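Be aware that the sequence shown starts at 5, since it is given in this note's numbering, and climbs by one per residue.
Note that CB positions come from ideal geometry on N, CA and C, so glycine has one too.
All values reported here derive from a predicted model rather than from experimental measurement.
Accompanying notes for the structure given below.
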Amino acid sequence: MEEQKTVFVTGGSRGIGKEVALKFADHGYNVVINYVSDKTDVESLQKEFEEKNVEALILKADVTDIEGIQNVVEKAIEKFGKIDVLVNNAGITRDNLLIRMTEEEFDKVIEINLKGTYIVTKQVVKYMMKKRSGSIINLSSVVGVAGNAGQANYSASKAGIIGFTKSIAKELASRNIRVNAVAPGFIETDMTKVLSDAVKENIHNQIPLKRMGSPKEVANLIYFLGTEESSYITGQVINVDGGMVM
Ligand code: NAP
């Protein structure tokens, strides 16, 4: 029988992250997820994973809190022995035009999206290095590639994630650890629910496939990058955006 594998998805309580965790669970992976909001219904999340006959470790820990993340990673190693796949998914937006963007809005987005990715990766990678195996997938965005008015902070964080991805792909390749970034376009989650109908219609007009994507469509790509099916792919940024950015 194949050895059971483990995936750690940051921000796996909702949206894309949750769908990613469920996708790996469908394929028998043990699941580790963290979240930050007090509103998170951990019990019902736990049930969803139990129904898939996998073990889930669900812990509250902010990706910017080094000790909290260290604790999650140590508990995961204690429980499952290793982390095979890391998905750096946790992220936020604080949109505003530059002229109105506060320092707090700028710092918060960089802190969670970019520095959080560094903090979690650094904790996980030491165990992957020992095993000489692993796959890391970082959530960037098409706006990290192409930019977007009103999202200077978010675009900068997502562009930063691309540089981070390529650099550590080069550093870690000799240890058989692959690192890739996924750049979604507009995906139907809480993050995009706040957009007005007019903005959504404008978005649809920019997408050759004429619709927003689903979290499942992003999860499918992330699952592929997490497995040996993608064993010769590292240091890449792969768009999943209905053709929005070509
Ligand atoms: P979402 O529905 O807003 O969910 C965000 C997740 O991140 C939640 O699980 C949230 O936890 C968690 N999170 C937020 N801040 C955190 C922190 N400081 N520490 C730990 N967890 C934290 O977002 P989404 O739309 O699924 O997006 C997921 C990722 O894809 C993000 O990196 C986003 O930038 C990227 N992305 C999304 C889109 C899109 O159109 N939706 C497009 C391109 C890229 P709680 O539930 O506890 O709040």
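Any non-hydrogen atom of the ligand NAP within 7 angstroms of leucine 143 CB: Result yes, Cβ under 7 angstroms from the ligand NAP.
Contact set for isoleucine 62: own chain, Cβ-Cβ below 7 angstroms, skip 5 residues either direction: Here the set comprises Ile37, Val46, Leu49 and Gln50.
The segment 231–248 in contact with the segment 167–183 per 3-pair CB rule at 8 angstroms: These segments touch.
Top-ranked residue by Cα proximity to threonine 249, from Ala187, Lys220 and Lys204: Residue 249 is actually valine in this sequence, not threonine. Closest in C-alpha terms to valine 249, from the list Ala187, Lys220 and Lys204, comes Ala187.
Three-state secondary structure assigned by DSSP to proline 188: Note: proline 188 maps to strand in three-state DSSP.
Distance between beta carbons of valine 222 and isoleucine 242, contact taken as under 8 angstroms: At roughly 10 angstroms, the Cβ-Cβ gap does not stay under 8 angstroms, so isoleucine 242 and valine 222 are not in contact.
Residues near valine 24 by beta carbon distance below 6 angstroms, same chain, minus five either side: Excluding residues within five positions, the ones whose Cβ falls inside 6 angstroms are Val13, Val91, Ala223 and Ile226.
Threonine 14 CB to nearest heavy atom of the ligand NAP below 7 angstroms: For the ligand NAP, at least one heavy atom lies less than 7 angstroms from the Cβ of threonine 14.
Straight-line Cα distance separating glutamine 8 from asparagine 75: Our two residues, asparagine 75 and glutamine 8, have alpha carbons roughly 22 angstroms apart in a direct line.
CA nearest to the CA of leucine 118, picked from Asp42, Gly164 and Ile81: If we check each option's Cα against that of leucine 118, Gly164 comes out closest.
Touch test, the segment 168–178 against the segment 146–157, Cβ-Cβ under 8 angstroms, three pairs minimum: No, because fewer than three Cβ pairs between the segment 168–178 and the segment 146–157 fall closer than 8 angstroms, the two stretches do not touch.
Sequence-distant residues of its chain with Cβ nearer than 7 angstroms to glycine 19 (five each side left out): Taken in chain order, the residues that qualify are Thr193, Asp194, Met195 and Pro219.
Euclidean distance between Cα positions of lysine 214 and lysine 204: Taken atom to atom, the span from the alpha-carbon of lysine 214 to that of lysine 204 is near 11 angstroms.
Endpoints, alpha helix (DSSP H) assigned at asparagine 224: Where asparagine 224 is concerned, the enclosing alpha helix (DSSP H) stretches over 219–230.
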